[in-house]
Amino acid sequence: MKLISAKFQNFRLLRDLRLDFATSDDRKLTVIRASNESGKTTILNALQWALYGDNALPNRGRGYRLFPIDWDAPDGRAIPITVQVVFEVTTSGLNRNTTNRYRVIRSVEETTDGHRQNPKIELFEVAETGANPIRPPEAQIARLLLPPNLREVFFTDGDRALSFIESDSPKVKREQVQEAIRSLLELDVIEAALDHLKKTIAALNKDSKNIGSDTELTQIATELEEIDKKIEHLENERDDVKQQFDEVNQSLTEIQRDIETALVKGDQEKLNLKLKKVETELNSIRDREEKLVSEHSQLFRNPVLFRDLLAPVLEQSFEKLNELRDQGKLPSPTIPVLVERLRGVTCICGESLDKQSEDGKRRREHIERLITESRRADELQKCLTDLYYGSLVLNPKDVTNDELWITEYSRILKDHDELESQRMVLEKDLAALEVQLEEIGDTDIQKLRSTKQDYTGQRDRLNDIRIDHERELERLKERQRSLTATHNNLITKHRRGTRILARLDATRDISQVLQNSYKRITNEELQNVSQLMNTLFLEMIGADAEQGPIIQNAEISKDFDILVYGPNERALNPDQDLNGASRRALTIAFILALTKVSEVAAPNVIDTPLGMMDGFVKRSVLKTVIQESSQLILFLTRSEIKDCEDIILDKAGRIITITNSAHYPNILVNDPHINEPQAVRCKCEDLGECDLCMRRTDVEEQIQVES
């Protein structure tokens, strides 16, 4: 199948647009260059609508407006909407291939409130003599086109296509991959045939009960019917249990990943305990620091400071005071002795101090003068005495090194530095713990582990059920084989039984052939798709296995999961561990591999396939998709085209530029002189610009604003 041309009228932004597609085998690429809001996705949707109807629209057409958004219909008249597509279909015959050209025209009327009326579809075979209508068109289109379930494989939105590897549900991803593979490899056709043959065998077994009055034959035929029902029921249950097992197992994998991620950040419970311990130690350090500050303050009020500062002067003073002490002048006992003697009648020298005698009176007066003179000198004497005894503690000669002020000061400074260092380390640890706890957020590792334990229990129970089903199925099939052999022997004893047995044998033979074909396709062809996808993917992203890249290989599992592996065969989650460019490359590689292996020749129509790509990957993806497609139609923005101009100019059979007239004057340089917004095709046939499609750059706009 090849797309030849398309014409759109009043389909959203496509008021009046015609496109012609490249069909040459040498230049099979059509590039539709269009910036954002210029109708790329609208064209993709319109093509699918023309070929497949409302079911091909987003949300199956429900709530999806078809008419132009600014259409003014005050009288309530419906807007006519039409899309026509011309395509070719080549069929293979015994001697030659036959190519026929067809035109499909789908139309509808839609009011501004979204009501649709008068839907119509027409199909014509286009011949040299004219267009011949084909009826009924729906049935013939279904015969000519790809099956609807393959539509999204060949008509691809760059973002929606990622659903093959991006989805919150592994089941959804698996089903989408499985459906695409099953449809392209026609597994569903084989399954339908096998189901029909199974019903035929059941009907023949039932007929065998009526060929005679043989009770044993009737009983065996009845038991075979019951076994068939039990096997079908058990197989359905087994498949359902297996699906549940896979989902629980996937949940287990995700929870284990969450636990590992959380453990890398830290165990919240352990971190909280560690945090409290650090806070306690930090508070203790701060208390000790405050105590040291107090000691430091007290140190400057301590007499020891003055002793050490005045040590040179004090040493001289102590020498003098000690000299006075050695001379007996310190302390001074003179006055108390003289006063004591005046109370008596004898002097210390033995002479009389009698007040009645002249000599005694004279001596007494002399002593009183000495007392008076001594008292005047005694103030200084007392001061020196107090100084002597009071300053003994300051005598440097009586002080050990531990009692020196500088020693105490050094100790305080050393303790302060050590505490400050410990405090800084603890504060750093505290900040790191707080960051870790903040990163963990509300992640409860214990809860995750509990959930993991629950899932593990579910998985084990489901696995036990699956094993029980497998054993029971094996028992039933063994019983079925035994009964079938007996059944066949009994049938041959009856004349009518020979005919039934022949039909049973033929049906079973056909069923066996189909089962073998099914196994071969699911094993060999699935493996071929997987290998080709891996080859294309690694080529696109430039991964060389010998160079030890992060991405080593990709594959499709027997359960239809797209898997990616890194070094040491470590699994990578495609929708989490791959960047945007690699995810798109993987999706495109899967689609190309599938179409290549299935040998279905149909156009690949892809909207923005090179988004999020740059440099080598973008060029590699473009080269690969051109090489592997039978016909390729790409909707590209200017940023996607950048750095790929040489490839496009060399490989493209047609380059079309679409512009939104509503982009004037902010984006378009020149006025297109069109009153309503619509997608307009200009005359550009290369990657240049004309007056209609010339656009302003961000730099030019900025310069304009600043000037």
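Counting in the numbering used here, the sequence shown runs from -13 upward without gaps. Even glycine gets a Cβ: it sits at the ideal position worked out from N, Cα and C.
In this structure, the alpha-carbon of Glu675 lies about 29 angstroms from that of Arg570. In this structure, Leu339 places its C-beta atom within 9 angstroms of the C-beta atom of Arg349.
In this structure, Leu673 lies near Glu631, with their beta-carbon atoms less than 9 angstroms apart. Residue range 589 to 593 is occupied by the beta strand (DSSP E) that includes Asp593. Setting aside the 5 residues that flank it on each side, Thr493 is surrounded in the same chain by Leu183, Thr186, Ile187, Leu190, each with a C-beta closer than 8 angstroms to its C-beta; the list follows chain order.
Within the same chain, Arg224, Val227, Lys228, Phe231 come within 8 angstroms of Arg452 by CB-CB distance, once the 5 residues on both sides are set aside.
A residue is called buried when at least 16 other Cβ atoms come within 10 angstroms of its Cβ; Asn22 does not meet this threshold and is exposed. Closest option to Gln432, judged by alpha-carbon separation, among Gly552, Asp244, Asn520: Asp244. The criterion of a C-beta distance shorter than 9 angstroms is satisfied by Ile574 and Thr610. The secondary-structure analysis by DSSP pairs Asn646 across a beta bridge with Ala665. In the three-state scheme derived from DSSP, where H, G and I count as helix and E and B as strand, Val264 is classed as helix.
Closest option to Arg(-2), judged by alpha-carbon separation, among Leu5, Lys26, Asn590: Lys26. Under the DSSP assignment, Tyr88 falls in the beta strand (DSSP E) whose first and last residues are 83 to 96.
Non-local beta-carbon contacts of Arg102 in its own chain, meaning distances under 6 angstroms to residues more than five positions away in sequence, involve Val94, Glu96 in chain order. For Phe140, no beta strand (DSSP E) run applies; the uninterrupted alpha helix (DSSP H) run containing it begins and ends at 137 to 140, by DSSP. Residue pairing from DSSP places Ser78 in a beta bridge opposite Asn83.
Annotation: Arg681 to His649 spans about 9 angstroms, alpha carbon to alpha carbon.
Close CB contacts of Tyr50 within its chain, under the 6 angstroms cut and outside five residues either way in sequence, are with Leu43, Pro44 (chain order). The alpha-carbon of Ala418 is positioned some 31 angstroms away from that of Pro553. Each of Asp6, Tyr38, Asp58 was checked against the Cα of Asn661, and the nearest Cα belongs to Asp58. Shown here, Tyr441 sits in a helix according to DSSP, grouped into three states. Under the DSSP assignment, Ala540 falls in the beta strand (DSSP E) whose first and last residues are 539 to 542. Here Gln517 carries a helix assignment [DSSP, helix/strand/coil].
For Asp6, the closest alpha carbon among the candidates Arg640, Ile206, Asp61 is that of Arg640. Under the three-state reduction of DSSP, Glu406 is assigned to helix. A distance below 8 angstroms between beta-carbons, with the five flanking residues on each side excluded, links Leu405 to the following residues of its chain, in chain order: Ile271, Arg274, Glu275, Leu278.
Residue pairing of Leu3 in beta bridges, as defined by DSSP: Phe(-6).
Straight across, the Cα-Cα distance linking Asp677 with Asn656 is about 6 angstroms.
Note that the C-beta distance between Gln617 and Lys(-7) is not below 9 angstroms. Non-local C-beta neighbours of Leu(-11) in its own chain, meaning closer than 6 angstroms and more than five positions away in sequence, comprise Phe7, Phe73, Pro589, ordered along the chain.
Comparing alpha carbon positions, the residue from Thr239, Lys195, Arg435 closest to Thr478 is Lys195. Each residue's CA atom was taken as its position, placing Leu434 and Phe523 some 35 angstroms apart. When secondary structure is reduced to three states using DSSP, Lys106 falls in the strand class. In this structure, DSSP gives Val586 a state outside helix and strand, which the three-state scheme calls coil. Secondary-structure assignment with DSSP links Gln617 through a beta bridge to Pro589.
Leu459 and Arg465 have their alpha carbons spaced roughly 10 angstroms apart.
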